[in-house]
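Asks:
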Amino acid sequence: MSVDSAEDIKKHVRVYIMVFVALAALTVITVGISYMHLPTHWAILFALTVATIKGSLVACYFMHLISERKVIYAILAICAFFFAVLLWAPVVTSSM
Amino acid sequence: MQIPYAVHPHPVTGIPNGKLGIWLFLASEVMLFGALFSALILLRVGADHWPHGVEEGLSIPLATLNTLVLITSSVTMVMSWASLKLNQYGRFQMYFTITILLAFVFLVIKYIEYSDKFHHEHFPRTNNFYATYFTMTGLHGLHVIGGIVVNSYLLLTGRRQWNRDPEHFTNRIECAGLYWHFVDLVWIFLFPVLYLL
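In order, the protein sequences belong to chains A and B.
Read the first sequence against the working numbering and you will find it ends at 119, with the numbers running on by one and no gaps.
Read the second sequence against the working numbering and you will find it ends at 199, with the numbers running on by one and no gaps.
(1) How would you label B:Asp186, buried or exposed, when you count the other beta carbons within 10 angstroms and need 16 or more for buried?
(2) Rounded C-beta distance between A:Ala70 and B:Leu64? I'm assuming under 8 angstroms.
(3) Would you verify that the beta carbon of A:Ile32 is, or is not, closer than 7 angstroms to some beta carbon of chain B?
(4) Apart from the five residues on each side of it in sequence, which residues of its chain come closer than 7 angstroms, Cβ to Cβ, to B:Cys177?
(5) What three-state label does DSSP hand B:Asp167 in the structure shown?
(6) Residues of the region 60–91 of chain B with a CB closer than 7 angstroms to any CB of chain A: list them in chain order, please.
(7) What residues in the region 100–119 of chain A have a beta carbon less than 7 angstroms from any beta carbon of chain B?
(8) Look at the alpha carbon of B:Gly149 and the alpha carbon of A:Ser57, and state the distance between them as a whole number of angstroms.
(9) Between which two residues does the alpha helix (DSSP H) containing B:Pro63 stretch?
(10) Extract the residue ranges of the alpha helix (DSSP H) inside the region 132–185 of chain B, only unbroken runs of 4 or more that lie entirely within it.
(11) Would B:Leu141 count as contacting chain A if we go by Cβ distances under 7 angstroms?
(12) Thinking C-beta only, is B:Phe98 closer than 7 angstroms to B:Ser221?
What follows is the structure in structure tokens.
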């Protein structure tokens with residue numbers, strides 16, 4: 024991430040505060056959904072969707088992935104591929 | 003001997019070497035936790051009945067509080083980095099100290115949770131649910147302790163490092179921050195998977 028001027032940093036600080044509020048609100052929403060006793064598949068879908076949104080906010084803004092260099096994206100793309108394989112392998116093999 | 007490209011970007015990668023190193027390390031961490039999530043899915047889809055966290059006595063209020071604690075520590079961490087970028091070392095110290103204190107708060111809450119489980123004789127050997135619960139939260143807890151150690155070192159030696167080379171120290175804080183946000187990121191997924199589903 025290449026942020027140089029003080030004005031840029033101050034803008035970023037405002038974004039960090041907004042992301043923090045969003046993360047706190049999404050945490051409350053996640054817990055609220057869990058008390059609604061939805062069918063399991065809907066509960067999993069909602070909880071993981073909200074967790075993914077929260078994770079994306081942390082990665083994009085706190086970890087600055089929204090404005091990173093290509094080499095970082097390349098590393099993470101390879102990582103994401105093998106991570107997806109790890110998660111899908113047990114699902115696929117269990118239905119065989 | 004000076005480590006090359008510790009401050010300025012490497013001409014090939016476009017980023018300092020330390021930052022490349024921490025991202026490669028985080029990629030390996032993704033695979034470590036990915037393997038555990040994979041094992042959890044395998045156990046869960048293969049089980050006739052997988053208990054809900056509440057059924058097994060997990061405390062949603064405590065886990066929610068811990069989630070908020072980690073999220074807050076993430077924002078204080080990034081604020082400490084921003085303070086260095088603004089040349090405000092005093093503010094950096096304040097935010098960084100709060101980050102470390104919040105990490106301790108997280109561990110204290112985790113200790114309360116673990117104590118309650120042990121009191122009710124719930125151990126990793128009790129069943130597959132507790133085996134995965136203790137393994138995943140335990141490994142995550144070790145990462146929190148690792149973060150405390152690194153961040154405390156940076157706080158204690160920070161003034162000297164800052165006076166010697168402010169830009170290099172700021173890069174180090176950015177790398178420490180990336181690790182800390184990753185620890186937060188892992189918990190964001192552990193919380194619903196273990197407690198709410």
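We treat Cβ as the ideally placed atom computed from N, Cα and C, and that holds for glycine.
Replies: Quick answer:
(1) Here residue 186 of chain B refers to the residue found at position 184 of the second sequence. Answer is buried; the Cβ neighbour count reaches 16.
(2) Here residue 70 of chain A corresponds to residue number 47 of the first sequence, with the count starting at 1. Here residue 64 of chain B corresponds to residue number 62 of the second sequence, with the count starting at 1. 18 angstroms between Cβ atoms; not a contact.
(3) In the first sequence, residue 32 of chain A corresponds to position 9, counting from 1. Cβ-Cβ to chain B under 7 angstroms: yes for A:Ile32.
(4) Here residue 177 of chain B corresponds to residue number 175 of the second sequence, with the count starting at 1. Same-chain partners within the cutoff: Gly20, Lys21 and Ile24.
(5) Within the second sequence, the letter at position 165 stands for residue 167 of chain B. The answer is coil: DSSP assigns B:Asp167 none of H, G, I, E or B.
(6) Ile62, Thr66, Thr69, Leu70, Ile73, Ser76, Val77, Val80, Met81, Ala84, Lys87 and Leu88
(7) Cys102, Phe105, Phe106, Leu109, Leu110, Ala112, Pro113, Val114 and Ser117
(8) Stepping through the second sequence from its first residue, residue 149 of chain B is reached at position 147. Stepping through the first sequence from its first residue, residue 57 of chain A is reached at position 34. Distance between the alpha carbons of B:Gly149 and A:Ser57: 30 angstroms.
(9) Taking the first residue of the second sequence as position 1, residue 63 of chain B is located at position 61. That run of the alpha helix (DSSP H) goes Ile62 to Lys87.
(10) 160–166
(11) Start at 1 with the first residue of the second sequence, and residue 141 of chain B comes out as number 139. B:Leu141 does not count as touching chain A.
(12) Only positions 3 to 199 of chain B appear in this structure, which leaves residue 221 of chain B out of reach.
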